[in-house]
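J.: Residue numbers (the working numbering), protein chains in the order written: chain A, 1 to 302; chain B, 1001 to 1095.
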Amino acid sequence: MAAVEVPRNEQAFLEYVQSGGQVETTDWMPDDYRAKLIKFIEMHGNSELMGVLPEREWILRAPTLQRKLALTAKVQDEVGHAQLIYRVAEDLGKPREQMLADLISGKAKFHNVFHYPTYTWGDVGVIAWLVDAAAIISQKALLKCSYAPYARIMKKICWEESFHILHGRDVILAMVTGTEEQFGLVQEALDRWWGPLMQFHGNPIPKGEDPMYLWRIKSQGNEEARQQFLDGYVPQILELGLELHDPKLRKRDDGVWEYSEPDWDELKHVVTGHGPKTQERLAFRKHFLDQEQWVRDIVLAA
Amino acid sequence: MNEWEVFRRERKGQPFEHAGSVVAPDADFAEAWAREQYGRRGESVALWLVPREAIRDVEDWADEFDLKYRRVDGYSIKARLKEARERAGTAPGDS
Chain A
1 MAAVEVPRNE
11 QAFLEYVQSG
21 GQVETTDWMP
31 DDYRAKLIKF
41 IEMHGNSELM
51 GVLPEREWIL
61 RAPTLQRKLA
71 LTAKVQDEVG
81 HAQLIYRVAE
91 DLGKPREQML
101 ADLISGKAKF
111 HNVFHYPTYT
121 WGDVGVIAWL
131 VDAAAIISQK
141 ALLKCSYAPY
151 ARIMKKICWE
161 ESFHILHGRD
171 VILAMVTGTE
181 EQFGLVQEAL
191 DRWWGPLMQF
201 HGNPIPKGED
211 PMYLWRIKSQ
221 GNEEARQQFL
231 DGYVPQILEL
241 GLELHDPKLR
251 KRDDGVWEYS
261 EPDWDELKHV
271 VTGHGPKTQE
281 RLAFRKHFLD
291 QEQWVRDIVL
301 AA
Chain B
1001 MNEWEVFRRE
1011 RKGQPFEHAG
1021 SVVAPDADFA
1031 EAWAREQYGR
1041 RGESVALWLV
1051 PREAIRDVED
1061 WADEFDLKYR
1071 RVDGYSIKAR
1081 LKEARERAGT
1091 APGDS
């Protein structure tokens, strides 16, 4: 029985991944494919690692012991995801130390939503429910990634993200069924996060022009992901009596969502290191990397 | 630092499945990372750790002797079954 061979020239390889073929670490791959994979996977790992910081700030301020435990577990999960994801990128040839150095120097990016501050427990609920919901849409699309080791770890990651969404939804439900003030905190947080959430899946570049789609690293286009998010979550938001302050937001008869153009300049500005919390959070990461250097030194010397 | 491949068993009675890999300076650290990354939420009942260099990859998949009779796709019964049914007068629509 002949094993399916991954083609060893760029054009045939492209056709192979476009027709659903998957690639393993030890297979031949074009340099451009490897470079795009590393860039994409590294940014995903960075986002998991940076994404815990806004939530970490709330562990000590969680309203009940049960919430504190759930939030701690979520933070632990996300750091675990960063470890799994960095491992995949590492196997493609970029050392972890280099990825962490590039993160801290600002050379590598992380997702826009993790550059913003949190003000109240309402933000924690909105992050855990809606930011995670937006993220899981992208991550589910990665289950079909042409790079098989990445697709495989995504199974575990999606499984854990599903807990996080439930946790977030439970936080939101507790608040919207609470006092007027609690309801107000959720509405205010939603107003703060809606802009970044609409930017989250990126500009509506046609998927045929998106190199990440071309190589089948992603299995869906940006706009497709955003439509899926709107379709799944706008009804869930509105049924709680919360409001979305976008006058253009509506679902057309053909099922397509219309909305005001997200602020793409803000997205670009934020992810290139100019978000309201970017520098503070990177400095925090750097502080801990420096402080714990001795641990890595000992482990490596063991 | 060396790579260790991690295999996990989800439930008793199921086969071990490749889960991913960890890098660690020795077996004890590899075990600690694997427990943390693949067993923390009780999603595995057993883990195997294998040093990557210990894996022997079987590369030669030559099919010199046409062994397809060992596989289901080695038998094309459709056409012959049709012929047999027609002969016996039991083909669908014959009744």
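Beta carbons are placed, not taken as given, at the ideal position from N, Cα and C, and that holds for glycine.
Identify the residues that DSSP records as bridge partners of SER1021(B): which are they?
T.: The residue given as residue 1021(B) occupies position 21 in the second sequence. In DSSP, SER1021(B) forms a bridge with GLU1005(B).
J.: Since ALA128(A) and HIS167(A) are thought to touch, with beta carbons under 8 Å apart, how far apart are those beta carbons, to the nearest angstrom?
T.: Counting from one through the first sequence, the residue named residue 128(A) turns up at place 128. Counting from one through the first sequence, the residue named residue 167(A) turns up at place 167. The Cβ separation is near 6 Å, so the contact holds.
J.: If we cut at 8 Å on Cβ distances, does GLY51(A) have a partner in chain B?
T.: Reading the first sequence from its first residue, position 51 is the one you call residue 51(A). With 8 Å as the cut-off, GLY51(A) does not count as an interface residue toward chain B.
J.: For the segment 139-180 of chain A, list the beta strand (DSSP E) runs that are entirely contained and at least 3 residues long, ordered along the chain.
T.: none
J.: Please list, in chain order, the chain B residues whose beta carbon lies closer than 8 Å to that of ARG252(A).
T.: As a position in the first sequence, residue 252(A) is number 252, starting the count at 1. Taking a Cβ-Cβ threshold of 8 Å, none of the residues of chain B is close to ARG252(A); the smallest such distance is about 41 Å.
J.: Please compile the residues from chain A whose C-beta is within a distance smaller than 7 Å of the C-beta of ARG1009(B).
T.: One-based indexing of the second sequence puts residue 1009(B) at position 9. Residues of chain A passing the Cβ test: none, with the nearest at roughly 14 Å.
J.: Please report the distance separating the alpha-carbon of TRP121(A) from that of GLU181(A).
T.: In the first sequence, the residue the question calls residue 121(A) occupies position 121. In the first sequence, the residue the question calls residue 181(A) occupies position 181. Looking at the two C-alpha atoms, the distance is approximately 12 Å.
J.: Could you name the residues of the same chain whose beta carbon sits closer than 6 Å to that of GLU292(A), not counting the 5 residues immediately before and after it, in chain order?
T.: Taking the first residue of the first sequence as 1, we reach residue 292(A) at position 292. The beta carbon of GLU292(A) sits closer than 6 Å to none of the beta carbons in its chain outside the five residues before and after it.
J.: Tell me whether HIS44(A), by its Cβ, gets closer than 7 Å to a heavy atom of the ligand MG.
T.: The ligand MG is absent from the structure shown, which contains no ligand whatsoever.
J.: So what's VAL1058(B) in DSSP terms, helix, strand or just coil?
T.: Counting from one through the second sequence, the residue named residue 1058(B) turns up at place 58. If DSSP states are grouped into helix, strand and coil, VAL1058(B) belongs with coil.
J.: Do the segment 214-229 of chain A and the segment 155-166 of chain A make contact, defined as three or more Cβ pairs closer than 8 Å?
T.: no
J.: Considering only C-alpha positions, which residue in the set ARG250(A), GLY184(A), ARG152(A) is nearest to GLU1017(B)?
T.: Residue numbering aside, residue 1017(B) sits at position 17 when the second sequence is read from its first letter. Comparing Cα positions, the closest option is ARG152(A).
J.: Rounded to a whole number of angstroms, what is the C-alpha to C-alpha distance between MET43(A) and ASP1063(B)?
T.: For the purposes of this step, residue 43(A) is identified with residue 43 of the first sequence, where counting begins at 1. For the purposes of this step, residue 1063(B) is identified with residue 63 of the second sequence, where counting begins at 1. The alpha-carbon atoms of MET43(A) and ASP1063(B) are separated by roughly 43 Å.
J.: In chain order, what are the residue ranges of uninterrupted alpha helix (DSSP H) at least 4 long that sit wholly in the segment 81-130 of chain A?
T.: 96-105, 121-126
J.: Compile a chain-ordered list of the residues in the segment 156-168 of chain A whose CB is closer than 9 Å to at least one CB of chain B.
T.: LYS156, TRP159, GLU160, PHE163
J.: Name the chain A residues whose beta carbon is nearer than 9 Å to that of GLY1020(B)?
T.: As a working note, residue 1020(B) is residue 20 in the second sequence. Within 9 Å Cβ-Cβ: LEU84, ARG87, VAL88, PRO149, ARG152, ILE153, LYS156.
J.: Check whether the Cβ atoms of ARG1008(B) and LEU1047(B) lie closer than 8 Å to each other.
T.: Here residue 1008(B) corresponds to residue number 8 of the second sequence, with the count starting at 1. Here residue 1047(B) corresponds to residue number 47 of the second sequence, with the count starting at 1. Yes, the Cβ-Cβ distance between ARG1008(B) and LEU1047(B) is below 8 Å.
J.: Report buried or exposed for SER260(A), applying the criterion of at least 16 other Cβ atoms within 10 angstroms of its Cβ.
T.: Numbered from its first residue, the first sequence carries residue 260(A) at position 260. Under this definition SER260(A) is an exposed residue.
J.: Tell me which residues share the same chain as VAL124(A) and place their Cβ nearer than 6 Å to its Cβ, disregarding the 5 neighbours each side in the sequence.
T.: Translated into positions along the first sequence, residue 124(A) becomes position 124. Contacts found: TRP58.
J.: Residues in the same chain with beta-carbon distance under 6 Å from THR278(A), minus the five sequence neighbours each way, listed in chain order, please.
T.: Counting from one through the first sequence, the residue named residue 278(A) turns up at place 278. Result list for THR278(A): HIS115, in chain order.
J.: Would GLU161(A) and ALA135(A) be called neighbours here (beta carbons separated by less than 8 Å)?
T.: Taking the first sequence and counting its residues from 1, the one referred to as residue 161(A) is at position 161. Taking the first sequence and counting its residues from 1, the one referred to as residue 135(A) is at position 135. Yes.
J.: Please return the same chain residues whose Cβ sits closer than 6 Å to the Cβ of TYR147(A), not counting the five positions on each side in sequence.
T.: Against the first sequence, residue 147(A) aligns to sequence position 147. Excluding residues within five positions, the ones whose Cβ falls inside 6 Å are VAL23, LEU37.
J.: Could you work out which residue in GLU10(A), ALA73(A), VAL176(A) is closest to LEU240(A) when comparing CA atoms only?
T.: Counting from 1 along the first sequence, the entry for residue 240(A) is found at position 240. When GLU10(A), ALA73(A), VAL176(A) are compared, the shortest CA-CA separation from LEU240(A) is found for VAL176(A).
J.: Taking buried to mean at least 16 other C-beta atoms within 10 Å of its own C-beta, is GLY45(A) buried or exposed?
T.: Translated into positions along the first sequence, residue 45(A) becomes position 45. By the 16-neighbour rule on beta-carbons within 10 angstroms, GLY45(A) is buried.
J.: Find the residues of chain A that neighbour PHE1025(B), judging by a C-beta separation of less than 9 Å, and give them in chain order.
T.: As a working mapping, residue 1025(B) is identified with position 25 in the second sequence. The question names Phe, but residue 1025(B) is Pro in the sequence shown. Those within 9 Å of PRO1025(B) in chain A are VAL299, LEU300, ALA301, ALA302.
J.: Relative to chain A, which residues along the segment 1062-1087 of chain B have a C-beta separation below 9 Å, given in chain order?
T.: Residues ALA1062, ASP1063, LEU1067, LYS1068, ARG1070, ARG1071.
J.: Let me know if ASN203(A) comes out buried or exposed under the rule of 16 or more other beta-carbons within 10 Å of its beta-carbon.
T.: Translated into positions along the first sequence, residue 203(A) becomes position 203. ASN203(A) comes out exposed.
J.: Using the DSSP secondary-structure output, state which residues sit across from ARG250(A) in a beta bridge.
T.: Taking the first sequence and counting its residues from 1, one reaches residue 250(A) at position 250. Answer is GLU258(A), bridged to ARG250(A).
J.: Kindly give me the distance between the Cβ atoms of GLU90(A) and VAL1058(B), rounded to whole angstroms, as I take these residues to be in contact under 8 Å.
T.: By 1-based counting over the first sequence, the position of residue 90(A) is 90. By 1-based counting over the second sequence, the position of residue 1058(B) is 58. Contact doesn't hold; Cβ gap of about 26 Å is too wide.
J.: Measuring CA to CA, which of TYR33(A), TRP28(A), TRP257(A), LEU242(A) is closest to PHE183(A)?
T.: Counting from one through the first sequence, the residue named residue 183(A) turns up at place 183. The option with the nearest alpha carbon to PHE183(A) is LEU242(A).
J.: Out of curiosity, what's the CA-to-CA distance linking LEU1067(B) and ARG169(A)?
T.: On the second sequence, residue 1067(B) is found 67 positions in, with the first residue counted as 1. On the first sequence, residue 169(A) is found 169 positions in, with the first residue counted as 1. Near 55 Å, if we compare the C-alpha coordinates of ARG169(A) and LEU1067(B).
J.: How would you list, in chain order, the residues of chain B whose beta-carbon sits under 8 Å from the beta-carbon of ASP91(A)?
T.: Position 91 of the first sequence, counted from the first residue, corresponds to residue 91(A). Those are GLU1003, SER1021, listed as they occur along chain B.
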